[in-house]
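Asks:
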Amino acid sequence: MSSPTKRRKKNDGSSQAVRSLNYFFAKQTAKAATNDAPQAKVGGIEAVTEENKHLTDEELARKLQEEWNREDQQRTQNQEQASSNELYEEPEKPAFDGACEGDANSKQSQPVEVEEIPKAAVPKLTNTLTLQSTASEEDTITANIPFDQSPLEFDPSNYIPNLQKHWVADGGHATYALLTRCFILINGTTSRIKIVDTLVNLLRTIIEGDPNSLLPAVWLATNSISPPYIDLELGLGGSAINKALKKVCGLDNASLKTLNNKYGDAGDVAFEAKKRQSFTLRKPKPLTIKGVFESLVKVANSKGNGSVETKQRIVERLVQDARGAEESRYIVRTLVQHLRIGAVKTTMLIALSRAFMLSKPHNADFETREQKDLAKMKKEELVEIYSKNEEIVKACFARRPNYNDLIPALLEIGVCDELLLRCGLALHIPLRPMLGSITRDMGEMLTKLQGRDFACEYKYDGQRAQVHCDEKGKVTIFSRHLELMTDKYPDLVALVPKIRGEGVSSFILEGEVVAIDRETGELKTFQTLANRARKDVVIGSVSIDVCLYSFDLMYLNGEELMSRPFRERRSLLRSLFVEIPHHFTWVKSLDATSADADIVQTFFKSAIDIKCEGIMVKVLDNLPNPDLLAELDDPSDLPSLPPTPKKKKPAKSKTNPKAKSTTTHTPPNDPSTEPPKTSGRRKALLSTYEPDKRLDSWLKVKKDYHSTSETLDLIPVGAFHGSGRKAAWWSPILLAIRDSSTGSLVAVTKCMSGFTDAFYKANRAKYDPDDPEGVNVLEAKPSYVEYNGGAGWPAVWFEPQEVWEVAFADLTLSPTYTASIGLVSDERGLSTRFPRFLRVREDKSLEEATEAGELADLYWKQEAKAPVKKEGAEDEDID
Numbered sequence: 001m002s003s004p005t006k007r008r009k010k011n012d013g014s015s016q017a018v019r020s021l022n023y024f025f026a027k028q029t030a031k032a033a034t035n036d037a038p039q040a041k042v043g044g045i046e047a048v049t050e051e052n053k054h055l056t057d058e059e060l061a062r063k064l065q066e067e068w069n070r071e072d073q074q075r076t077q078n079q080e081q082a083s084s085n086e087l088y089e090e091p092e093k094p095a096f097d098g099a100c101e102g103d104a105n106s107k108q109s110q111p112v113e114v115e116e117i118p119k120a121a122v123p124k125l126t127n128t129l130t131l132q133s134t135a136s137e138e139d140t141i142t143a144n145i146p147f148d149q150s151p152l153e154f155d156p157s158n159y160i161p162n163l164q165k166h167w168v169a170d171g172g173h174a175t176y177a178l179l180t181r182c183f184i185l186i187n188g189t190t191s192r193i194k195i196v197d198t199l200v201n202l203l204r205t206i207i208e209g210d211p212n213s214l215l216p217a218v219w220l221a222t223n224s225i226s227p228p229y230i231d232l233e234l235g236l237g238g239s240a241i242n243k244a245l246k247k248v249c250g251l252d253n254a255s256l257k258t259l260n261n262k263y264g265d266a267g268d269v270a271f272e273a274k275k276r277q278s279f280t281l282r283k284p285k286p287l288t289i290k291g292v293f294e295s296l297v298k299v300a301n302s303k304g305n306g307s308v309e310t311k312q313r314i315v316e317r318l319v320q321d322a323r324g325a326e327e328s329r330y331i332v333r334t335l336v337q338h339l340r341i342g343a344v345k346t347t348m349l350i351a352l353s354r355a356f357m358l359s360k361p362h363n364a365d366f367e368t369r370e371q372k373d374l375a376k377m378k379k380e381e382l383v384e385i386y387s388k389n390e391e392i393v394k395a396c397f398a399r400r401p402n403y404n405d406l407i408p409a410l411l412e413i414g415v416c417d418e419l420l421l422r423c424g425l426a427l428h429i430p431l432r433p434m435l436g437s438i439t440r441d442m443g444e445m446l447t448k449l450q451g452r453d454f455a456c457e458y459k460y461d462g463q464r465a466q467v468h469c470d471e472k473g474k475v476t477i478f479s480r481h482l483e484l485m486t487d488k489y490p491d492l493v494a495l496v497p498k499i500r501g502e503g504v505s506s507f508i509l510e511g512e513v514v515a516i517d518r519e520t521g522e523l524k525t526f527q528t529l530a531n532r533a534r535k536d537v538v539i540g541s542v543s544i545d546v547c548l549y550s551f552d553l554m555y556l557n558g559e560e561l562m563s564r565p566f567r568e569r570r571s572l573l574r575s576l577f578v579e580i581p582h583h584f585t586w587v588k589s590l591d592a593t594s595a596d597a598d599i600v601q602t603f604f605k606s607a608i609d610i611k612c613e614g615i616m617v618k619v620l621d622n623l624p625n626p627d628l629l630a631e632l633d634d635p636s637d638l639p640s641l642p643p644t645p646k647k648k649k650p651a652k653s654k655t656n657p658k659a660k661s662t663t664t665h666t667p668p669n670d671p672s673t674e675p676p677k678t679s680g681r682r683k684a685l686l687s688t689y690e691p692d693k694r695l696d697s698w699l700k701v702k703k704d705y706h707s708t709s710e711t712l713d714l715i716p717v718g719a720f721h722g723s724g725r726k727a728a729w730w731s732p733i734l735l736a737i738r739d740s741s742t743g744s745l746v747a748v749t750k751c752m753s754g755f756t757d758a759f760y761k762a763n764r765a766k767y768d769p770d771d772p773e774g775v776n777v778l779e780a781k782p783s784y785v786e787y788n789g790g791a792g793w794p795a796v797w798f799e800p801q802e803v804w805e806v807a808f809a810d811l812t813l814s815p816t817y818t819a820s821i822g823l824v825s826d827e828r829g830l831s832t833r834f835p836r837f838l839r840v841r842e843d844k845s846l847e848e849a850t851e852a853g854e855l856a857d858l859y860w861k862q863e864a865k866a867p868v869k870k871e872g873a874e875d876e877d878i879d
């Protein structure tokens, strides 16, 4: 009996009979009666059988998809053989009665007896939804490229033809799968050599296969889209990523929260979500390196009304088009700016220098080295050749830190001396500042500078500034991190015309901006300076006055001065510029020698008395003072830097071949292993300005270094619940150093001393896991934090964002922490005894926190002063 609804729907004049419910269930009844009969095939597709019932959804989908593909292929062949004028006649009894023509779902109907349809007469179905794999043929090709081979063995020409054949569909641009392959290999090793080799081979493949994608690839691999002095930030929050994952991967809030709790890292969450999405109805459009970079730039440039929606659409499209789980992982890590592959700036510059030594674009004519010739060289010769190219590339980037300038020049002329001219110093583009080495105390500083004339300067507690001015009077000011600060200091901009002396047209000078009381000249702390507004500051509204204490001049009237001695640069600065008390002046300084220990000590004390951090000590001339050398008893005994610790080869033991040495590095001052002294003098410390280098020609002597305990700049990454009076606060705090070779943060100690109650309360409020925004806390340990839980598991994990200055008694080998492991011992890392919090370093970024190598150097210095070794579990201060 036809239902009323069916009858109403057929009141359109149609003469077609209305099917009853019994008609639709009759086929199932017939099937039940013929279970033992051979299974029929419908349109060449095997119907659902008992065997198929045991298949998973994905296995069944794959099986059906293969059968549909075979059927489509057969239909295409039959159509090519059939006459173009032959008309298709529909059978009187269609095989799928009641089904819409072209309905893909009808392919899965129950088996029925059908009339044989001539194969040549079956039309090809178009616009039919089919299941699409999230992988493709190109992923297979890319996944087999051995980027981790030695660059002297890897040949990009073996893989580029196959890659380019598949890049044609994408405009000839290299696909993002190439970058993903490189990231996977880098993430799977901690060897710095392997990381560099992998990057070199990736860059060579792009240089020879698609040079236009090299610049975007370098930006993406270094986890940035622009240099620091250009304000181009993605501005994406975690909510945008979560929305994209929910929409694209079909996750609900509960599933997403479960993944976040389990993995913590946004990229790992995306990996797991995408891995479960094996098929999609829409075939992903391959992501290209150039396309991904352009999408990120669009996100950063989206401003004003509708920008949130625009950014969200771009993010969703990137996640949707990511083919496979690994691409999704690194796309999302790029979006949240936590790539964590260990490809830091220095590593990338080394890789670029070596890649252009071996490869060049097809239209370039600069010379490259033959792999065979390099492979025949001795290791020492190869290192020398590598070092020369690396120094050129590093020097260029230090003077002009922008890949947008460096990469096009490399593609055109390669690595050569001309590159230094192309990428030299330029006005309104900041150069990376020279840095000073840390000294443990005044005695160490005087020992290092024996036989030298040096200048002692007050180390003011302010903000380092680099001031540029051109012939037209345009002024730009940059921070030590190369960020633009011109808008922050309009009063300094207005001051520049007044301080330029006669004959000064353009210049680049460096100094320290310090908060000051204009009436009394009293210096104020950095915290006071930090309260000054950062943007859109109007001169009339300035409430915190500042003074610029200048100390160096790097560029004058179109000429670089960095190769001149410091004494000459300082003389030009003080003779050509006009001093304005309490507005613009020079750092207070004292010229001395290692023989003037008492005078230097008095000067140091005067710096501390006026609230300076300490003093900077700078070599004045390139060569030692002959008069001072004559006063030394034995000039050949000039102090030298401690040698780099080298690994001992473990002694082979027949009785116990698995025996290991507890300490695998040689202390610098071990007389049994020091090379014999020669009559030659130590290489002279140059007094030139060396951008982006930390040398002993500049030494820091700070009040905290001068005391009995050293200080470290550590990153808080987690915390434990306090007990007793501190039950409502976080105490102790887990602190970490950074490992530049892996990009990880490595736990080094727990600190619970030095905090005030006010700080405890503020810290608990800042890192509050119950905060609905949750921007400062993580739900699980992030993958880039290394901590084995040997000292207990934190109750909360912090979003790394601060640098804390911490004092301690000494460093010890630790069975618990792995900081600097492999640099001092292969079995134990380093930790601190009696750590004590001093202050939050608001003037330092995470990239300036203490590094694993620096921690190891401090340990060797400590061991050199204290022969009795203090080994064992670390003792953490309890207050």
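Start counting the sequence shown at 1; every next residue gets the next number (the UniProt record's numbering).
Where a beta carbon is used, it is the ideal one built from N, C-alpha and C, also for glycine.
Taking the continuous alpha helix (DSSP H) assigned at I195, which residues delimit it?
Replies: Looking up residue 195 in the sequence shown gives position 195. Segment 192-209, the alpha helix (DSSP H) holding I195.
Asks: Quick check on the burial criterion: 16 or more other C-beta atoms within 10 angstroms. Buried or exposed for S541?
Replies: The residue labelled residue 541 in the question sits at position 541 within the sequence shown. Flag for S541 reads exposed.
Asks: Do D170 and P782 count as a contact pair if the criterion is CB distance below 8 Å?
Replies: Mapped onto the sequence shown, residue 782 falls at position 782. Mapped onto the sequence shown, residue 170 falls at position 170. Not closer than 8 Å, so no.
Asks: Do residue 892 and E710 have their CB atoms nearer than 8 Å?
Replies: What the structure shows of the chain is the stretch from 1 to 879, and residue 892 is not part of that stretch, so it cannot be assessed.
Asks: Distance check for D470 and E773, CA to CA, integer angstroms please.
Replies: As a position in the sequence shown, residue 773 is number 773, starting the count at 1. As a position in the sequence shown, residue 470 is number 470, starting the count at 1. So the two alpha carbons sit approximately 46 Å from each other.
Asks: Excluding the 5 residues preceding and the 5 following L435 in the sequence, name in chain order all residues of the same chain whose CB lies nearer than 6 Å to its CB.
Replies: Residue mapping note: residue 435 aligns to position 435 of the sequence shown, counting from 1. Cβ neighbours of L435 beyond the five flanking positions: R694.
Asks: Per DSSP, what kind of secondary structure is T832 in: helix, strand or coil?
Replies: Locating residue 832 in the sequence shown gives position 832, where the first residue counts as 1. Strand, per DSSP.
Asks: State the start and end residues of the unbroken beta strand (DSSP E) segment that holds G511.
Replies: Position 511 of the sequence shown, counting from 1, holds the residue named residue 511. Start and end: 507-515.
Asks: Pick helix, strand or coil for H166, following the three-state DSSP scheme.
Replies: Position 166 of the sequence shown, counted from the first residue, corresponds to residue 166. Of the three classes helix, strand and coil, the one that applies to H166 here is helix, per DSSP.
Asks: Rounded to a whole number of angstroms, what is the C-alpha to C-alpha distance between K388 and T310?
Replies: Translated into the one-based positions of the sequence shown, residue 388 becomes position 388. Translated into the one-based positions of the sequence shown, residue 310 becomes position 310. Each residue's Cα considered, the two are about 46 Å apart.
Asks: Report the start-end ranges of each alpha helix (DSSP H) in the stretch 761-820 that is 4 residues or longer and not cut off at the edges.
Replies: Complete alpha helix (DSSP H) runs here, min 4: none at all.
Asks: At which residues does the beta strand (DSSP E) containing F577 begin and terminate?
Replies: Taking the sequence shown and counting its residues from 1, the one referred to as residue 577 is at position 577. Careful: F577 lies outside any beta strand (DSSP E) and carries neither H nor E.
Asks: Below 8 Å between beta carbons: does that hold for R518 and K488?
Replies: The sequence position of residue 518 within the sequence shown is 518, counting from 1. The sequence position of residue 488 within the sequence shown is 488, counting from 1. Not in contact: R518 and K488 (Cβ atoms no closer than 8 Å).
Asks: Could you tell me which of A765, S157, S831, D552 sits nearest to L712, measuring between CA atoms?
Replies: Against the sequence shown, residue 712 aligns to sequence position 712. The residue with the shortest Cα to Cα distance from L712 is S831.
Asks: To the nearest angstrom, how far is it from the Cα of Y229 to the Cα of V537?
Replies: Looking up residue 229 in the sequence shown gives position 229. Looking up residue 537 in the sequence shown gives position 537. Cα to Cα, the separation comes out at about 18 Å.
Asks: Report, in whole angstroms, the separation of the C-beta atoms of T198 and D148, which I expect to be a contact under 8 Å.
Replies: Position 198 of the sequence shown, counting from 1, holds the residue named residue 198. Position 148 of the sequence shown, counting from 1, holds the residue named residue 148. Yes, they are in contact, since the Cβ atoms of T198 and D148 sit about 5 Å apart, within 8 Å.
Asks: Would you check if there are 3 or more beta carbon pairs closer than 8 Å linking the stretch 404-412 to the stretch 479-497?
Replies: These segments do not touch.
Asks: Between the alpha carbons of P668 and K844, how many angstroms are there, rounded?
Replies: As a first step, residue 668 is located in the sequence shown; it is residue number 668 there, counting from the start. As a first step, residue 844 is located in the sequence shown; it is residue number 844 there, counting from the start. Confidence at P668 is low in this model, with a pLDDT of 42, below 50, so its placement is unreliable and no value can be given for it.
Asks: Would you give the residue range spanned by the beta strand (DSSP E) that residue 882 belongs to?
Replies: Since the first and last residues shown for the chain are 1 and 879, residue 882 lies out of range.
Asks: Look up I438 in the DSSP assignment and say whether it is helix, strand or coil.
Replies: Here residue 438 refers to the residue found at position 438 when the sequence shown is read from its first residue. Note: I438 maps to strand in three-state DSSP.
Asks: Would you call the stretch 200-217 in contact with the stretch 316-329, where contact means no fewer than 3 C-beta pairs closer than 8 Å?
Replies: Output reads no: the stretch 316-329 does not touch the stretch 200-217.
Asks: Rounding to the nearest angstrom, what Cα-Cα distance links K647 and I821 in this structure?
Replies: As a working mapping, residue 647 is identified with position 647 in the sequence shown. As a working mapping, residue 821 is identified with position 821 in the sequence shown. Confidence in K647 is poor, its pLDDT being 40 and thus under 50, which makes the residue's placement unreliable; the coordinate value appears in the next sentence. Distance between the alpha carbons of K647 and I821 is about 12 Å.
Asks: Applying the 10 Å Cβ sphere with the 16-neighbour rule, what's the burial state of A355?
Replies: As a first step, residue 355 must be located in the sequence shown, where it is residue number 355. Under this definition A355 is a buried residue.
Asks: V299 and L234 - do their beta-carbons sit closer together than 8 Å?
Replies: The residue you call residue 234 lines up with position 234 of the sequence shown. The residue you call residue 299 lines up with position 299 of the sequence shown. Contact: yes.
Asks: Is A762 buried or exposed, if buried means 16 or more other CB atoms sit within 10 Å of its CB?
Replies: As a position in the sequence shown, residue 762 is number 762, starting the count at 1. So A762 ends up on the exposed side.
Asks: How far does the beta strand (DSSP E) with V415 in it extend, from its first residue to its last?
Replies: Here the question's residue 415 lines up with position 415 in the sequence shown. That residue, V415, is in no beta strand (DSSP E); it is neither H nor E in DSSP.
Asks: Helix, strand or coil for M616 per DSSP?
Replies: Looking up residue 616 in the sequence shown gives position 616. It is a strand residue.
Asks: Regarding Y555 and the ligand COA, is the C-beta to nearest heavy atom distance less than 7 Å?
Replies: What this structure holds is no ligand at all, so the ligand COA is not there to describe.
Asks: Comparing alpha-carbon positions, which option in D373, I350, F397, A398 lies nearest Y386?
Replies: In the sequence shown, the residue the question calls residue 386 occupies position 386. For the residues D373, I350, F397, A398, the minimum Cα distance to Y386 belongs to I350.
Asks: Pairs of beta-carbons, one from the stretch 334-342 and one from the stretch 739-746, closer than 8 Å: are there three or more?
Replies: The answer is yes - the stretch 739-746 touches the stretch 334-342, with three or more Cβ pairs under 8 Å.
Asks: Which residues in the same chain have their Cβ closer than 8 Å to the Cβ of S687, if we skip the five residues on either side of it in sequence?
Replies: Taking the sequence shown and counting its residues from 1, one reaches residue 687 at position 687. Cβ neighbours of S687 beyond the five flanking positions: P565, F566, R567, K618, V619, L620, D621, N622, S697.
Asks: Could you tell me the alpha carbon to alpha carbon distance between A595 and P691, rounded to whole angstroms?
Replies: Indexing the sequence shown from 1 puts residue 595 at position 595. Indexing the sequence shown from 1 puts residue 691 at position 691. Using only the alpha carbons, I get a separation of about 30 Å.
Asks: On the three-state DSSP scale, how would you describe E863?
Replies: As a first step, residue 863 is located in the sequence shown; it is residue number 863 there, counting from the start. Of the three classes helix, strand and coil, the one that applies to E863 here is helix, per DSSP.
Asks: State the Cα-Cα distance for the pair E863 and K605, rounded to the nearest angstrom.
Replies: Your numbering for residue 863 matches position 863 in the sequence shown. Your numbering for residue 605 matches position 605 in the sequence shown. Taking the straight line joining both Cα atoms gives about 28 Å.
Asks: Specify the secondary structure class of residue 915 as computed by DSSP and reduced to three states.
Replies: Residue 915 is absent from the model: the chain starts at 1 and stops at 879.
Asks: On the DSSP letters alone, give me the boundaries of the beta strand (DSSP E) that E710 sits inside.
Replies: Taking the sequence shown and counting its residues from 1, one reaches residue 710 at position 710. Per DSSP, E710 belongs to the beta strand (DSSP E) from 710-721.
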